[in-house]
Amino acid sequence: MAQISKLVACIALVCSASAACTNPGKRRAWHTFSDDEKLEYINAELCLMETPARLDLPGAKTRFDELQAIHQLQAYATHFVGAFLPFHRMMMHAHESALRNECNYTGYQPYWYEQQDAGKFSSSVLLDETHGFGGDGVGDEGCIATGPFANYTNSLGPGYENTEHCINRAVNDRISTGSAQANVDACLAMTTFDAAWPCIEGRPHSGGHGGVGGQMLNGVSSPGDPLFYLHHTWLDKVFWDWQALDRPTRTTTINGTNIGPDFIPGFPARPSHIPLPTGADGDPGTTTTLGHVLNMYGNSPNKTVGDVLDIQGNYLCYEYVEPEAES
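If you count the sequence shown from 1, position 227 lands on 227 in UniProt numbering, and the numbers rise without skipping.
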């Protein structure tokens with residue numbers, strides 16, 4: 001199975017970008033960043049946390065909150081559905097664009113190379129106190145007490161409650177084994193989207209959220225922990241690695257359930273002011289299509305699933321750098 005990952009890397013090298021994407025941004029693994037590169041990213045994230053909100057989204061006080069609101073307001077419509085992976089891909093792009101366009105970040109969205117840390121999240125360089133995102137939670141509330149985000153106050157969440165609270169974590173090395181290479185390879189071996197999407201949303205997705213715990217384990221408000229963006233960028237890489245195995249087909253077709261469940265075990269209950277998931281504009285049926293609209297609530301232009309299936313297409317323009325390529 002490990003050979004599949006090597007094959008993906010080879011295919012990615014020979015797959016050329018579209019005419020509209022001639023200079024793709026390079027998304028790299030966090031552990032390959034220099035200390036200066038890490039601090040630049042962290043400072044840009046802190047900038048979003050300090051920049052006042054501008055979109056009048058419920059409860060949001062900062063630009064960081066407004067990006068979190070994309071997820072909070074649509075959690076029941078974007079999980080356990082065919083649009084799960086394209087939606088989060090688009091959300092990572094919205095976050096990356098905000099960092100670059102509003103906070104002078106010159107790099108691209110990094111990813112957490114989670115299979116390297118699977119089973120040992122507690123010792124990951126991402127939890128470094130100086131050049132990382134701070135450590136595990138402490139005390140009754142599990143608030144992080146070290147690192148650049150220790151004193152940050154979340155305005156959105158937990159769940160659908162918009163009450164001020166800390167970023168909390170409960171790192172669990174056992175659960176983090178869900179991100180192991182064997183589980184990634186199992187998903188890459190799937191031959192249809194109907195099989196690959198639930199596989200990726202399953203163990204690899206759950207390994208990252210449950211491995212960090214706390215805020216990240218809340219299926220609605222998890223973007224309140226900055227680690228969310230590195231986790232889901234890694235998940236997007238896994239999705240792209242799968243697509244690259246048959247790029248012509250897997251960047252032009254989509255399916256899967258279009259209407260999410262009204263109740264998701266482990267998710268906070270959906271309050272009455274959050275609408276039932278009933279499909280999306282341009283995609284009113286029960287099966288996800290290329291016309292399914294991905295709503296970013298003004299953080300970036302809304303796009304369709306078809307617009308974002310190719311990360312080097314007419315809208316998105318980036319590539320993933322394998323850690324081995326930098327060693």
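Cβ atoms here follow ideal geometry from the backbone N, Cα and C, with glycine treated the same way. Small disclaimer: the values here were computed from a predicted structure and weren't measured.
Cut-off 6 Å between Cβ atoms - residues of its own chain near residue i, not counting five sequence neighbours on either side
i, result
"Tyr-124", "Reading off the sequence shown, one finds Ser at residue 124, where the question assumed Tyr. Only Asp-117 meet the Cβ criterion."
"His-209", "Met-216 and Leu-217"
"residue 335", "With the chain represented from 1 up to 327, any question about residue 335 goes unanswered, as that position is not in the structure."
"Pro-52", "none"
"Met-91", "Ile-70"
"Asn-295", "Asn-302"
Same chain only: Cβ atoms within 8 Å of residue i, ignoring 5 sequence neighbours per side
i, result
"Gly-119", "Asp-173, Arg-174, Ser-176, Thr-177 and Ala-180"
"Ser-222", "His-71, His-209, Gln-215, Met-216 and Phe-228"
"Pro-86", "Ile-254, His-292, Leu-294, Val-305, Val-308 and Leu-309"
"Leu-67", "Leu-48, Met-91, Ala-94, His-95, Ala-98, Pro-223 and Asn-299"
Residue i versus residue j: straight-line alpha-carbon distance, rounded
i, j, result
"Leu-39", "Arg-28", "15 Å"
"Arg-100", "Val-171", "30 Å"
"Trp-234", "His-273", "32 Å"
"Thr-304", "Gly-82", "13 Å"
"Phe-228", "Gly-285", "30 Å"
"Met-49", "Ser-155", "10 Å"
"Asn-43", "Trp-240", "28 Å"
"Lys-26", "Arg-89", "15 Å"
"Gly-59", "Ala-75", "16 Å"
"Tyr-160", "Pro-268", "7 Å"
"Thr-252", "Trp-242", "13 Å"
Top-ranked residue by Cα proximity to residue i, from the options
i, options, result
"Ser-97", "Ala-244, Ser-300 and Leu-126", "Ser-300"
"His-31", "Thr-253, Tyr-152, Pro-110 and Gly-298", "Pro-110"
"Asp-185", "Lys-26, Thr-78 and Leu-245", "Leu-245"
"Pro-271", "Asp-194, Pro-223 and Leu-73", "Leu-73"
"Asn-162", "Gly-137, Gly-224, Trp-197 and Glu-102", "Gly-224"
"Gly-291", "Asp-307, Leu-55 and Pro-198", "Asp-307"
"Glu-45", "Pro-24, Ala-189, Trp-197 and Glu-102", "Glu-102"
"Gly-211", "Phe-87, Asp-35 and Gly-137", "Gly-137"
Start and end residues, alpha helix (DSSP H) containing residue i
i, result
"Gly-210", "203-212"
"Arg-100", "84-102"
"Cys-21", "Here Cys-21 belongs to no alpha helix (DSSP H), and DSSP marks it neither H nor E."
"Thr-78", "75-78"
"Pro-248", "247-250"
"Asp-117", "114-117"
"Lys-237", "227-244"
"Ala-186", "181-188"
"Asn-43", "35-50"
"Leu-67", "63-72"
"Gly-266", "Segment: none, Gly-266 is in no alpha helix (DSSP H) and carries neither H nor E."
"Val-308", "305-308"
Terminal residues of the beta strand (DSSP E) in which residue i lies
i, result
"Glu-319", "318-320"
"Gly-25", "25-27"
Cβ neighbours of residue i in the same chain (closer than 7 Å, five flanking residues each side left out)
i, result
"Tyr-152", "Met-49 and Ile-167"
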